[in-house]
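Novice: Residue numbers (our numbering): 22 to 162. Don't be surprised by glycine CBs; every beta carbon is placed ideally from N, CA and C.
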């Protein structure tokens, strides 16, 4: 995928990619694709197997727990999700629904694993992000 300026700016906002150089971004771009979702459309569903990591390029979405009708997070430009399901191979623990039209930058499982192997700094940043997310989840319990 060719990176335009807006996509590069979006990726630079993502803590995982904060340590990447311009050359690294070019390498990463080869693994990325774009997906569009209409308002009200599910981006991912709770219980399904996670095959993609998502970064919101534009638009907004809610993270919800099915059956409880509970919104646990609101996502906007630069926010990301799906990394835990890719890393651990577990089913998704929540659904993500577009609250506006949404464009995502996506990375499949193979590309995600290659990215972590090729860029140790991304793996280190991912560890930090996961610790923060787990501590927030623990606070909510």
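If I follow the unbroken beta strand (DSSP E) through residue 116, where does it start and stop?
Specialist: 116-119
Novice: So the candidates are 152, 153, 142; which of them puts its Cα closest to the Cα of residue 37?
Specialist: It is 142.
Novice: For residue 74, I'd like the list of residues in its chain whose CB is within less than 6 Å of its CB, leaving aside the five on either flank, ordered along the chain.
Specialist: Cβ within range, chain order: 103, 104, 107, 128, 133.
Novice: Name, in chain order, the residues that DSSP records as bridge partners for residue 56.
Specialist: DSSP, once it has assigned bridges, lists 125 as partnering residue 56.
Novice: Pairing CB atoms from the stretch 52-71 with CB atoms from the stretch 111-131, are three or more of them under 8 Å?
Specialist: yes
Novice: Of the choices 61, 135, 139, 76, whose alpha-carbon is the least far from that of residue 27?
Specialist: 76
Novice: Go through its chain and collect everything with a Cβ distance to residue 24's Cβ below 7 Å, but skip five positions before and after it.
Specialist: 46, 50
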